[in-house]
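Student: Those letters in the sequence shown? Residues -23 to -1, 1 to 144, by mature numbering (1 follows the signal peptide of the UniProt record, and there is no 0). Sharing a structure with you now.
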Amino acid sequence: MAKQIVMKLTVVLCAALVSCVIGGDCDCMTEWTYDGDVDGVMESYEGCSATADWNQTWCYVQGGSNCNQALNSTVAGETRKWRECGSCNCMTEWNYDGDADGVMESYEGCSATADWDQSWCYVQGGSNCNQALNSTVAGETRKWRECGSCNCMTERVSGASAAPATA
């Protein structure tokens, strides 16, 4: 009983930490395009990715201007917002049908689900995270990893003050 309480408290604290740092609208787009090598051809990227023109992994965010951590692009005509990120860091908010009732439940950061005895999360960087595993859920393309004792973030991401080079 005490172990379950500690585990739940750890998950709550971990989720609170992630939510304070980056809100749910700040999750990386699952797939996005960008001309990182400035050759006039848009390349495809997955989640939190490295591009040829930037020395830190980054992504376009799902929530646009609703993400308080996102920055405006320096690419002419680009309306998407971006932020630096860590490929193996947990998505801040994600949906999953852990109790297999056909209804997706919402989770934050490292979370316990009804069907798994460890806390886990879907990662921001998809296959860019070498620790992430393929889902066993049919049709699920997101990658996941188990979490240790509140290690929601595997990489500290500092606030960015510049943008990837303009395309």
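Glycine is no exception: its CB is placed at the ideal position from the N, C-alpha and C atoms. On a predicted model such as this, the values are computed, not experimentally measured, just so you know.
1. Note down the Cα distance separating residue 125 from residue 17, rounded to an integer number of angstroms.
2. For a quick check, are the C-beta atoms of residue 72 and residue 83 less than 8 angstroms apart?
3. Quick one: what does DSSP say residue 49 is sitting in, helix, strand or coil?
4. Inspect the beta-carbon positions of residue 119 and residue 103 and report whether they are closer than 8 angstroms.
5. Pick helix, strand or coil for residue 111, following the three-state DSSP scheme.
6. Using only the alpha-carbon positions, how far apart do residue 98 and residue 92 sit?
7. Here's the rule: buried if 16 or more other CB atoms are within 10 angstroms of the residue's CB, otherwise exposed. What is residue 77?
8. Between the Cα of residue 89 and the Cα atoms of 75, 80 and 101, which residue gives the shortest distance?
Tutor: So, from the data block:
1. 42 angstroms
2. yes
3. strand
4. yes
5. strand
6. 13 angstroms
7. exposed
8. 75
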